[in-house]
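Reviewing the structure listed below.
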Amino acid sequence: MSKEITSREEDYSGWYNDLVIKGSLADYSAVRGCMVIKPYGFALWENMRDALDKMFKDTGHVNAYFPLFIPKSFLSKEAAHVEGFAKECAVVTHYRLKNDPNGGGLIVDPEAKLEEELIVRPTSETIIWNTYKDWIKSYRDLPLLINQWANVVRWEMRTRLFLRTAEFLWQEGHTAHATSEEAVAEAEQMLEVYATFAEEFMALPVIRGVKTESERFAGAENTYCIEALMQDGKALQAGTSHFLGQNFAKAFDVKFLSKENKLEHVWATSWGVSTRLIGALVMAHSDDDGLVLPPRIAPLQVVIVPIYKGDEQKAQIGAKAAELIAQLKGAGIRVKYDDNENTRPGWKFAEYELKGVPVRIALGARDLQNNVVEIARRDTKEKQTISFDGLTEHVQQLLTDIQENLFKKAMHYRDAHITIVDSWDEFEKMLDEKGGFISAHWDGTAATEEAIKEKTKATIRCIPLNNKMEDGKCVLTGQPSTQRVLFARAY
RNA sequence: CGGGAAGUAGCGCAGCCCGGUAGCGCACCUGGUUUGGGACCAGGGGGUCGCAGGUUCGAAUCCUGUCUUCCCGACCA
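Counting from 17, one number per residue, gives the positions in the first sequence under the numbering used here.
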């Protein structure tokens, strides 16, 4: 390693990039704003994806796949939707290249212009609703509960590894229902699925809430979200679930005959989480020694590093390690044995810390004689010496402890950074000095929300679900308010 | 699209002010000694200095243009 991980206080952004790149998760690519996800990072994504996919299926959803390309005319059918996405779309205008007759290599063949331009999907509502029109005729076809795992492209002005890349991987669920109530229940259910996943798998505490009108998804009636807090005090939207009302059904003319034999538009939801979750994971748990990954989704849960002198010792330790690995694997633990001769133990220790492997086991000749191993946990960096007997149970318990500890630590930090504020002076002061969420009264107008954003860069992250009603005065205007909302500077 | 900075070996950088034909660290290759917190010694390979012009006997270095990337803004369901 040529450079140490930069301290957070000096340069959070450099710290974050170092973590991602040195932790072997991803790297910049040759294409502007796009990243290469490396095998280690992709294994992490696969673990997250598999856990989410199971949760979707347990709630009655199935997977399907829709086209990457969307005819331009589709995008314009829902007014708010086109407004929200038009500014960041990649557009396919031609279908062929040819050799430049004047020399100079390949050029776009002007003869090969498309009749109608194709948009690389920034999200799939339009192409999916165009399809649903043909699939839904009767109330018997409902509900339609479909998810797709895909890539999408949004031509962002400024990008950042995982958090905002021009192309990213995600899942998008798109459901159709016979009633408004049923669709709202679906949107709320999926928000809860996301919240559960974030908390139980990612060890990331989240606040469940709804967005204000100005932060709402383009084309939605209501947007639910989970908001997480990063270690620099900035908030991150970790997932959203939208109640779309009948907006897309009307735009794409999706109607069904009800039990009462009446023709009605269907009610819709959409919901998604993306590789941005990996960014959240990195910023929520990591320290200056590298990544810290929660055991439940870590690509590797345990690494075993042998310490030996000479081939004879290596063979002896290897034999014992094989025994331990068989036990650990038998218990479903993801374990790697690193007997690479080109790197020394100290190098390996540092390397797996950078990669955030939760548990490290060191096994040397000394340990072999004493029937023990040295076991180190990544989150607290504590080491202890324990016996071979019951090692598997010990490791299982340790993985559980680490998972819980990470959640508690993040929860403690989050709770300590929700500040209740009642005056404008204090609002600005707390935002600058402490960061995190500011819980304050708001008069409910978009104008005030905008004014606060203008002054402080803080936005309303959400109105928490099950929020306590309480009379108060707007922190900026002094106008009456019925509840507090959460403000923060955000990614 | 505004403001700043940078493009020199796979990665990180020095050299540029003051022009003379390219260097350091890491990585890589060979041999040896090592191995309980990022080993050491010796030897070795690798670069049209982002691109295009110009000035000059001579350009990584000076001038002009251009492209790209990063950072800060603007933008961002």
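By construction, the Cβ of each residue, glycine as well, lies at the ideal position given by its N, Cα and C atoms.
Of the residues the options, the one placed nearest residue i, counting alpha carbons only
i: M51; options: H410, F404, F443, G295; result: G295
i: E127; options: T109, I143, A211; result: T109
i: T256; options: E231, S274, E198; result: E231
i: K103; options: V124, T416, M173, D405; result: M173
i: M246; options: W458, R48, K425; result: K425
i: Q262; options: Q343, L273, F58, A284; result: A284
i: T461; options: G49, P55, T228; result: T228
i: V373; options: P315, L160, Q499, E449; result: P315
i: P159; options: A211, W165, L185, A203; result: A203
i: W287; options: G488, D304, G189; result: G189
i: L161; options: V282, V351, D116; result: V282
i: L502; options: E215, H457, G306; result: H457
i: K445; options: A504, E357, F404, Y368; result: A504
i: K450; options: T435, T464, D459, D441; result: T435
i: T498; options: H301, N483, V437; result: N483
i: A432; options: E420, G452, A337; result: G452
i: D135; options: V47, F85, T147; result: Inspection of the sequence shows that residue 135 is occupied by Ile rather than by Asp. Out of V47, F85, T147, F85 has the C-alpha closest to the C-alpha of I135.
i: R500; options: F259, H77, G488; result: G488
i: I341; options: L407, A463, K54, N358; result: L407
Between the CA atoms of residue j and residue i - distance to the nearest angstrom
i: V226; j: C241; result: 6 Å
i: Y28; j: F443; result: 23 Å
i: P138; j: S439; result: 40 Å
i: R170; j: W145; result: 20 Å
i: V222; j: A106; result: 32 Å
i: I152; j: K93; result: 19 Å
i: F213; j: E280; result: 35 Å
i: G100; j: I402; result: 57 Å
i: R224; j: P480; result: 6 Å
i: L220; j: D125; result: 50 Å
i: F184; j: A244; result: 20 Å
i: K471; j: L492; result: 11 Å
i: M17; j: K397; result: Because the pLDDT of M17 is 30, which lies under 50, any placement of that residue in the model is unreliable, and the question is left without a value.
i: F272; j: S140; result: 22 Å
i: Q385; j: K352; result: 23 Å
i: D43; j: E197; result: 44 Å
i: F58; j: R65; result: 10 Å
i: H77; j: L293; result: 21 Å
i: V388; j: A338; result: 15 Å
i: F259; j: A211; result: 17 Å
i: T239; j: K266; result: 19 Å
Burial state of residue i (16 or more Cβ within 10 Å)
i: L41; result: buried
i: K19; result: Confidence is the limiting factor: at K19 the pLDDT is only 39, short of 50, which leaves the residue's position unreliable, though a coordinate-based value still follows. Exposed, because fewer than 16 other Cβ atoms sit within 10 Å of the Cβ of K19.
i: K129; result: exposed
i: W363; result: exposed
i: M299; result: buried
i: R394; result: buried
i: L113; result: exposed
i: Q253; result: buried
i: Y111; result: exposed
i: G494; result: exposed
i: I454; result: buried
i: V47; result: exposed
i: T191; result: buried
Own chain residues within Cβ distance below 6 Å of residue i, not counting five before or after
i: V209; result: M71
i: G380; result: I323
i: N79; result: N163
i: G235; result: E94, A96, H97, N263
i: L297; result: M218
i: V321; result: D354, P361, K364, A378
i: A67; result: F217
i: S302; result: L35, V308
Cβ-based neighbour list, residue i, same chain, cut-off 8 Å, excluding 5 preceding and 5 following
i: K149; result: F268, D269, V270
i: T416; result: P311
i: E466; result: S230
i: S274; result: Y155, A194, E280
Close beta carbons around residue i, own chain, < 7 Å, minus the five adjacent residues each side
i: E133; result: K88, V107, V108, T109
i: T175; result: G49, T181, A182
Cβ-Cβ separation, residue j to residue i (assumed contact under 8 Å), whole Å
i: I143; j: F82; result: 5 Å
i: I349; j: Q400; result: Actually they do not touch by this definition, with Cβ atoms about 18 Å apart.
i: L344; j: V411; result: 6 Å
i: L422; j: V308; result: 7 Å
i: F178; j: T291; result: 6 Å
i: Q205; j: T75; result: 6 Å
i: A392; j: R382; result: No, A392 and R382 are not in contact; Cβ-Cβ is about 16 Å, not under 8 Å.
Cβ-heavy atom distance, residue i to the ligand GDP, below 7 Å
i: T464; result: Ligands displayed in this structure: none; no statement on the ligand GDP is therefore possible.
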